[in-house]
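With my numbering applied, the sequence shown closes on residue 553, and no number is skipped along the way. These notes concern the structure reproduced below.
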Amino acid sequence: MDLKDKVAVVTGSSRGIGRAIALKLAGLGAKVVVNYRANAEAAQEVVEAIKAQGGEAIAVQADVSAFDQAQRLIKAALEAFGRVDILVNNAGTTRDTLLARMSEEDWDLVININLKGAFNCAKAAIRPMMRQRYGRIVNITSVAGLAGNAGQANYCAAKAGLIGFTKALAKEVGSRNITVNAVAPGYASCTSLKAEFRWAFHSSYS
Numbered sequence: 348m349d350l351k352d353k354v355a356v357v358t359g360s361s362r363g364i365g366r367a368i369a370l371k372l373a374g375l376g377a378k379v380v381v382n383y384r385a386n387a388e389a390a391q392e393v394v395e396a397i398k399a400q401g402g403e404a405i406a407v408q409a410d411v412s413a414f415d416q417a418q419r420l421i422k423a424a425l426e427a428f429g430r431v432d433i434l435v436n437n438a439g440t441t442r443d444t445l446l447a448r449m450s451e452e453d454w455d456l457v458i459n460i461n462l463k464g465a466f467n468c469a470k471a472a473i474r475p476m477m478r479q480r481y482g483r484i485v486n487i488t489s490v491a492g493l494a495g496n497a498g499q500a501n502y503c504a505a506k507a508g509l510i511g512f513t514k515a516l517a518k519e520v521g522s523r524n525i526t527v528n529a530v531a532p533g534y535a536s537c538t539s540l541k542a543e544f545r546w547a548f549h550s551s552y553s
C-alpha cells in the first residue's frame, strides 16, 4: 500500500495501538498528525520516530471529547498539510468497575472519549473529505463491544455504539468516495490496561 502524499490524523497516538498505527501509516508514506490529550513528551517522541525514518509528522494537543478541540485538531492538519485523507479514531479510555459501583462520571468520561470523540472528529473531518471527494475513516472499536466484559459496561457500550456509528456513517458518505470501517482489536499490552485487568485477561484467555 502506497500512502505517499496522503495525510492521516490518528487520535490518541502518543502510545499504545495509536502509536503503532501512526508509525505504520508513516512507514507507508503518509504525513501523520499525532494527537494527544496530555502527554506532549510521548507524542513528540512519536513525531521524532517518524521523522527519523524519513517521514513528516506534527503533534497536536486536543481532547477529542470536546467538539471545538476536535475541530482545532482537523484545522491544524489542514493548515500543516493542506488536506485530510485518513482519520483514525483511536482515542479511548477506561474506568472499569461493576455497574453497581460505577459513577455517572465514570460512565460519561468513557462514553465521551471513546464514542463522542469519534463523532466529533468525524464531523470535523467530513466536509474537507467531501470537498476532496476522498476520505478514509477507521474507527478502532474492540472485541469488548461485541462480546461484553463484566466490569466494563461503559467501555463495552461505547465500543458497541462505535460499530453502529461506523455502519450508519458509511451509508451516508459512501457515494462521496469516503469509506468508513471499524477494526475490533483484542487484548493489547499497553499502559492503559490496568494490572487487575491484565490478570483477569490472562486468567480467562491463557
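For each residue, glycine too, the CB sits at the ideal point set by N, CA and C.
Restricting attention to L350, A396, Q418, I433, the CA atom closest to the CA of V356 is found in I433. Contact between A389 and Y383 holds: their C-beta atoms lie close to 7 angstroms from each other, under 8 angstroms. The segment 475-493 and the segment 525-532 touch, with three or more beta-carbon pairs separated by less than 8 angstroms. With respect to the C-alpha of A438, the residue from L372, T358, K371 having the closest C-alpha is T358.
Beta-bridge partners of R483 (DSSP): I433, T526. For Q391, the enclosing alpha helix (DSSP H) covers residues 387-399. According to the DSSP assignment, A497 belongs to no alpha helix (DSSP H), since it is labelled neither H nor E. For A367, the secondary structure class from DSSP, reduced to helix, strand or coil, is helix. One thing to note: V381 has its Cβ within 9 angstroms of the Cβ of A406.
Taking C-beta atoms as the reference points, L456 and N501 count as a pair closer than 9 angstroms. One Cα belongs to S360, the other to N459, and the distance between them is close to 18 angstroms.
DSSP lists no bridge partner for Y502. In the displayed model, V490 falls within coil according to three-state DSSP, outside both helix and strand. K518 sits in a helix when the DSSP states are folded into three classes.
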